[in-house]
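>
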Amino acid sequence: MQQAGLAGILAACAAPAVHAQPVLRWRIATAFPHALDAILGGTEQFVRQVGLLSGGRLQLTLLPNEEPVSPLAQIEALQQGEIDALHAVPTHLVAVDECFAFDGALPFGLNSRQMNAWMIEGNGLKLLRDFYAQHQIVNFPMGNTGAQMGGWFRHELQSLEDLNGLRIQISGLGARVLQSLGAAPQQLAAGEMVAALERGQLDAAEWVGPHDDRKLGLNRVTRHYYYPGWWEGGTQLSLYCHAKAWRNLPAELKLMVELAAQAAHAVVQARYDVLNPQAFKQLVAAGAKVKAFPRPVMDAAFKASNVLYADLSRRNPGWRRIYADFSAFRREQNLWHRLAEASFDRYMQSARL
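Position 60 of the sequence shown, counted from 1, bears residue number 41 in the numbering used here, the numbering being contiguous throughout.
1) Express the C-alpha separation of Leu289 and Phe283 in angstroms, rounding to a whole number.
2) Excluding the 5 residues preceding and the 5 following Gln(-16) in the sequence, name in chain order all residues of the same chain whose CB lies nearer than 7 Å to its CB.
3) Check whether the segment 253 to 271 and the segment 95 to 108 are in contact - that is, three or more C-beta pairs closer than 8 Å.
4) In this structure, how does DSSP classify Ile9 when only helix, strand and coil are distinguished?
5) Determine the DSSP secondary structure at Arg327, reduced to helix, strand or coil.
6) Bridge partners of Gly146, per DSSP?
7) Could you please give the first and the last residue of the uninterrupted beta strand (DSSP E) stretch that includes Trp227?
8) Could you check the C-alpha separation between Leu218 and Leu154 for me, to the nearest Å?
9) Using beta-carbon positions only, say whether Leu376 and Leu220 come within less than 9 Å of one another.
10) In or out: His246 buried (at least 16 other Cβ within 10 Å) or exposed?
11) Residues in its own chain within less than 7 Å of Ala(-12) by CB, not counting five upstream and five downstream?
12) What are the complete beta strand (DSSP E) segments, minimum 3 residues, inside the segment 113 to 195?
13) When you compare only the Cα positions, how much space is there between Leu144 and Arg135?
14) Opposite His205 in the DSSP bridges: which residues?
15) Counting Cβ pairs closer than 8 Å, one from the segment 186 to 195 and one from the segment 76 to 90, do we hit at least three?
16) My output table needs one value for Cys(-6): the three-state DSSP class, helix, strand or coil.
17) Give the straight-line distance between the Cα atoms of Glu187 and Ala165, rounded to the nearest whole angstrom.
18) Give me, in chain order, the residues of the same chain whose beta-carbon lies closer than 7 Å to that of Gly(-14); leave out the 5 immediate sequence neighbours on both sides.
19) Is Ala291 near Gly190, with beta carbons less than 9 Å apart?
20) Out of Glu142, Ala170, Lys225 and Asn104, state which residue places its alpha-carbon closest to the alpha-carbon of Ser152.
21) Taking Cβ positions, are Phe310 and Gln95 nearer each other than 9 Å?
22) For the segment 14 to 32 against the segment 41 to 55, do three or more pairs of beta-carbon atoms, one drawn from each stretch, fall closer than 8 Å, so that the two count as touching?
23) Would you mind sorting Gln314 into buried or exposed? The rule is 16 or more other CB atoms within 10 Å of its CB.
24) Tell me the start and end of each unbroken beta strand (DSSP E) in the segment 242 to 269 that is at least 3 residues and wholly inside, in chain order.
25) Since Ile9 and Ala66 are thought to touch, with beta carbons under 8 Å apart, how far apart are those beta carbons, to the nearest angstrom?
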């Protein structure tokens, strides 16, 4: 009886403190339509887990993304506090500042494992937090597509000269590199690409990889499927939190947001690693002609990328600071990966299993 009475008293004393804690509500937007179910699933998981981890103390409302929304409009809404968080594609925001690309992917940059290392154990997250502070953003890695494909082409790409005047759907810094090589980059909404290819308004389009490309139907209107997507060797996606909304969270809720973002980050990559091989086999069975970019095209793109980075280092102080660390990290990673990771991969991919 005494023990039961004491337990009741303790429960009664503790109950008011629990009930007194306020419920916080966030509005979170996403850059991803339903066609990108692998990534959108990560956003939806994040929303659910924050609610569960917080016991309902932080409630996130995921805003629908049924109509094409400009990435610039979304980032502006976040900066103005109209939304509290955004699941974004950083590479789509290079028009604001080229430094956004470091949080997503650079042409001939890092693969997904190297990107994780730079962000989590290297200086990546610290450098990007400093950069994002001026944009009223607190960022967290939240997903990675892995290395992407090079896209679908209506005609075979046989030489560097075939890039002249090529109307290709592509965004980010990869578009600038291709433009410097004579191509004519285009910016269309996802739902417009297939029709544009059918009408001959586009000569090529890059999207993500086998799973997403197949869902979008790009293989129905063109057959030449090129690899690799050298402009996105491991595309990271990010959770952006409005700085003021983030500051207003208690420490334990901040930790819950961070943990839920980490879980979604891992799941999105794993989902692509499962779905892409399956979709790739289906695309090949349906008649896709899979081809590597000609070596002269790769070499020219690599050279043009380095020219672009040198130019950005001259005129963008933020870029210069981050790129110095990024490029040094990339150099060390590739020395190691070439010896251990890549040699093991090459053997396993040639072995008869």
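The beta-carbon is built from N, C-alpha and C at its ideal position, and this holds for glycine as well.
In this text the structure is predicted, and so the values were computed from the model without any measurement.
Judging by the given coordinates:
1) So the alpha carbons of these two residues sit roughly 10 Å apart.
2) Residue confidence for Gln(-16) is low, a pLDDT of 42 falling below 50, so the modelled location carries little weight and cannot support an answer.
3) No, the segment 253 to 271 is not in contact with the segment 95 to 108.
4) Here Ile9 carries a strand assignment [DSSP, helix/strand/coil].
5) In the structure shown, Arg327 sits in a helix (DSSP, three-state: H, G or I).
6) Beta-bridge pairing links Gly146 to no other residue.
7) Taken as a continuous stretch (DSSP letters only), Trp227 belongs to no beta strand (DSSP E), being part of the alpha helix (DSSP H) at Ala224 to Arg228.
8) Rounded to whole angstroms, Leu218 and Leu154 show a C-alpha spacing of 16 Å.
9) The first residue shown for the chain is -18 and the last is 334, placing residue 376 beyond what the model contains.
10) It counts as buried.
11) Interpretation of Ala(-12) is limited by its pLDDT of 41, a score under 50 that renders its predicted location unreliable; no figure is taken from the coordinates.
12) Within the segment 113 to 195, the complete beta strand (DSSP E) segments at least 3 residues long are 118 to 125, 132 to 134, 148 to 150 and 165 to 167, listed from N- to C-terminus.
13) Rounded to whole angstroms, Leu144 to Arg135 spans 13 Å at the Cα level.
14) According to DSSP, residue pairing for His205 in a beta bridge involves Phe134 and Lys270.
15) With a cut-off of 8 Å, the segment 76 to 90 and the segment 186 to 195 do not count as touching, because too few Cβ pairs lie within range.
16) Because the pLDDT at Cys(-6) is just 40, under 50, the model does not fix this residue reliably, and the point stays unresolved.
17) Going from the Cα of Glu187 to the Cα of Ala165 covers about 13 Å.
18) Note that Gly(-14) scores a pLDDT of 46, beneath 50, so its modelled location is shaky and nothing firm can be said.
19) No. Outside cutoff.
20) The candidate whose alpha carbon is nearest that of Ser152 is Ala170.
21) A contact, by the Cβ cut-off of 9 Å.
22) These segments touch.
23) Buried, because 16 or more other Cβ atoms sit within 10 Å of the Cβ of Gln314.
24) None, since the segment 242 to 269 contains no complete beta strand (DSSP E) of that length.
25) The pair is a contact, with the Cβ atoms about 4 Å apart (cut-off 8 Å).
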